[in-house]
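Working notes for the structure below.
Rendered as structure tokens:
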């Protein structure tokens, strides 16, 4: 199969996953989300399109370069309602 086909299938799978997640979460633009263990921010970025505020919490952000790259990605996407916290959940 072609690379294009695999990319298309992967893209469709991600879109279906995002739609299912949002359907289950039933988010409104007034919701505040705590994304605990947010890792690479995949879900945080999805939530930020549909919620009032998103707090992405992960101890992995102790690696400041990861957190800075996610903050930069948010700026490039024009997202202003997403904050990344370098903490464990217990300390948040």
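In the working numbering, the protein residues as written are 515 to 606.
Backbone N, C-alpha and C define an ideal beta-carbon position, used for all residues, glycine too.
Since we're looking at a predicted model, the values are computed, not measured.
Going by the beta-carbon positions, is the gap between residue 598 and residue 575 smaller than 7 Å? Residue numbering aside, residue 598 sits at position 84 when the chain shown is read from its first letter. Residue numbering aside, residue 575 sits at position 61 when the chain shown is read from its first letter. Taking 7 Å as the Cβ cut-off, residue 598 and residue 575 qualify as a contacting pair.
With a cut-off of 7 Å, does the C-beta of residue 573 fall near any C-beta of chain C? Protein chains in the displayed structure number just one, and chain C is not present.
Quick one: what does DSSP say residue 570 is sitting in, helix, strand or coil? Taking the first residue of the chain shown as 1, we reach residue 570 at position 56. Residue 570 falls in the strand class under three-state DSSP.
Between the CA atoms of residue 554 and residue 585 - distance to the nearest angstrom: Walking along the chain shown from the start, residue 585 turns up at place 71. Walking along the chain shown from the start, residue 554 turns up at place 40. Computed Cα separation, rounded: 11 Å.
Let me know the secondary structure DSSP gives residue 528 once reduced to three states. Here residue 528 refers to the residue found at position 14 when the chain shown is read from its first residue. The three-state reading of DSSP puts residue 528 in helix, counting H, G and I together.
For my contact list, residue 530 and residue 564 are in at a C-beta cut-off of 8 Å; report their separation, rounded to the angstrom. Translated into positions along the chain shown, residue 530 becomes position 16. Translated into positions along the chain shown, residue 564 becomes position 50. Not a contact, Cβ separation roughly 16 Å.
Would residue 558 pass as a contact of residue 572 if the rule is Cβ separation under 7 Å? Here the question's residue 558 lines up with position 44 in the chain shown. Here the question's residue 572 lines up with position 58 in the chain shown. Going by C-beta atoms, residue 558 is not nearer than 7 Å to residue 572.
What residues are listed by DSSP as bridge partners for residue 550? Position 36 of the chain shown, counted from the first residue, corresponds to residue 550. Answer is 571.
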